[in-house]
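K.L.:
Numbering (this note's numbering), first residue to last: 29 to 99.
#1: Which residues mark the beginning and the end of the alpha helix (DSSP H) in which residue 70 is found?
#2: Taking DSSP's pairing of strands, which residues face residue 39 in a bridge?
#3: Ends of the alpha helix (DSSP H) at residue 88?
#4: Using only alpha-carbon positions, find the residue among 51, 94, 75 and 85 that is nearest to residue 42.
#5: Mind reading off the beta-carbon distance from residue 68 to residue 85? Whole number of angstroms is fine, and I expect it under 8 Å.
#6: Quick check on residue 88: buried or exposed, where buried means 16 or more other Cβ atoms within 10 Å of its Cβ?
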């Protein structure tokens with residue numbers, strides 16, 4: 029998947045949300061969201077757009093911490 033995203037020139041936060049809909053657990057979604065962050069083209073809004081896909085506020089916080097460390 030990483031090769032396909034990189035070859036396409038990146039992925040938008042909205043596209044990541046669409047991919048996350050195929051995953052059932054917040055843990056799986058979080059891992060996918062972390063992986064995709066390195067390829068996202070709209071980093072400024074990534075946390076708010078992708079964070080909305082999580083059911084747990086704790087998972088949203090973990091994603092935001094990850095974004096802050098890897099920006």
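Think of the CB as a built atom: it goes at the ideal place given N, C-alpha and C, for glycine as much as any other residue.
P.N.:
Well, looking at it:
#1: Taking the chain shown and counting its residues from 1, one reaches residue 70 at position 42. Segment: none, residue 70 is in no alpha helix (DSSP H) and carries neither H nor E.
#2: Sequence index remark: in the chain shown, residue 39 carries index 11 (1-based). DSSP links residue 39 through a beta bridge to 68.
#3: Mapped onto the chain shown, residue 88 falls at position 60. Taken as a continuous stretch (DSSP letters only), the alpha helix (DSSP H) holding residue 88 covers 85 to 98.
#4: Within the chain shown, residue 42 is the residue found at index 14, counting from 1. Cα-wise, what sits closest to residue 42 is 75.
#5: Within the chain shown, numbered from 1, the residue matching residue 68 stands at position 40. Within the chain shown, numbered from 1, the residue matching residue 85 stands at position 57. Not confirmed; about 22 Å, so no contact.
#6: Working through the chain shown from its first residue, we reach residue 88 at position 60. Counting C-beta atoms within 10 angstroms of its own C-beta, residue 88 has 16 or more neighbours from the protein chains shown and is therefore classed as buried.
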